[in-house]
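Trainee:
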Amino acid sequence: MKLTVQDLNSHYGPAHILFDIGFEVGEGEVVALLGRNGAGKSTTFRSIVGLVAQRTGRIMFEGKDVSVRPTHEIVRDGLGYVPEERRIFTDLTVEENLEVGRQPKRPNAPYWTRDKLFALFPNLGEMKNRPGGRMSGGEQQMLTIARTLMGNPSLVLLDEPSEGLSPKIVEQMVDAILTMKKEGVSIVVSEQNLHFARLISDRAYIIERGRICFGGTMAELDARPDIRDAHLSL
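According to full-length UniProt numbering, the sequence shown holds residues 1 to 234 in order.
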């Protein structure tokens, strides 16, 4: 398995947020972590990359136990993280933002160049000299993902990539994620948008109030309207 999470518990101060979270991601898979707002999706991602101090459990990445390793070492080993907030450098150009994320080529991971990323996100190629602060929200989301890919990760955590985007940009995001998968990147996507998840994902887990309450293929989830209504309907 590319990523295995076992018995993950996380706290913010006295508040217990995640309860015995467990899931797996195979080589080249796209896995969706579905749930309503506040269900624990972002905390799960932050815990995996070591940004939640109060956590227990086991996190295996490419056969290595990274449960207690600092964030910079986890990222250096090839685990990319795209947070929900579009964290770009607003006074740097698109090309300069990409250079910030550059890392050496890794064994067993796709190698991304600027030209390859501009092919993945053509919008960015058309505005390579534009400052990040003069881009739309969707363009900033593309830039955040592209900058993460400049680190040549073998697995990427994408937190709510479709949130707040126009339908046209969402279509481009679907195409980009499927291309990333074809290139060999394993991906975990946290989403509230079930339709978006269906278009890109091999399997799905549902998280509700910090607990995993479903795991299976997208076809298995489609066959369970009771599960969807109970845990995903607004």
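Note that CB positions come from ideal geometry on N, CA and C, so glycine has one too.
So what's Lys41 in DSSP terms, helix, strand or just coil?
Mentor: Along the sequence shown, read from residue 1 onward, the residue named residue 41 stands at position 41. Lys41 falls in the helix class under three-state DSSP.
Trainee: Closer than 8 Å is the cut-off here; do at least three beta carbon pairs connect the segment 9-24 with the segment 122-132?
Mentor: Flag = no, the segment 9-24 and the segment 122-132 do not touch.
Trainee: Which residues in the same chain as Arg58 place their Cβ atom closer than 7 Å to its Cβ, once the five residues preceding and following it in sequence are excluded?
Mentor: For the purposes of this step, residue 58 is taken as the residue at position 58 of the sequence shown. Only Gln6, Asp7, Asp65 and Ser67 meet the Cβ criterion.
Trainee: Assuming Glu171 contacts Lys128 (C-beta within less than 8 Å), just tell me the rounded distance between them.
Mentor: Residue 171 sits at position 171 when you count from the first residue of the sequence shown. Residue 128 sits at position 128 when you count from the first residue of the sequence shown. That belief does not hold up - the Cβ atoms of Glu171 and Lys128 are roughly 22 Å apart, past 8 Å.
Trainee: What span of residues does the alpha helix (DSSP H) with Met173 cover, start to end?
Mentor: Position 173 of the sequence shown holds residue 173. Taken as a continuous stretch (DSSP letters only), the alpha helix (DSSP H) holding Met173 covers Pro167 to Glu183.
Trainee: By DSSP, does Ala219 sit in helix, in strand, or in coil?
Mentor: Here residue 219 corresponds to residue number 219 of the sequence shown, with the count starting at 1. DSSP places Ala219 in helix when its eight states are reduced to three.
Trainee: Should residue 251 and Asp175 be called a contact, given that it needs their Cβ atoms to be closer than 9 Å?
Mentor: Given a span of 1 to 234 for the chain in the structure shown, any question on residue 251 remains unanswerable.
Trainee: Can you pull the DSSP bridge partners for Arg55?
Mentor: One-based indexing of the sequence shown puts residue 55 at position 55. BP columns for Arg55 point to Ser10.
Trainee: Drop a sphere of 10 angstroms on the beta-carbon of Glu191, count the other beta-carbons inside from all chains shown, and report buried for 16 or more, exposed for fewer.
Mentor: By one-based count along the sequence shown, residue 191 stands at place 191. Buried: at least 16 other Cβ atoms inside 10 Å.
Trainee: From Arg76 to Arg36, what distance separates their C-alpha atoms?
Mentor: Taking the first residue of the sequence shown as 1, we reach residue 76 at position 76. Taking the first residue of the sequence shown as 1, we reach residue 36 at position 36. Cα to Cα, the separation comes out at about 31 Å.
Trainee: Do Arg114 and Leu98 have their C-beta atoms within less than 9 Å of each other?
Mentor: One-based indexing of the sequence shown puts residue 114 at position 114. One-based indexing of the sequence shown puts residue 98 at position 98. Yes, the pair counts as a contact, with Cβ atoms nearer than the cut-off.
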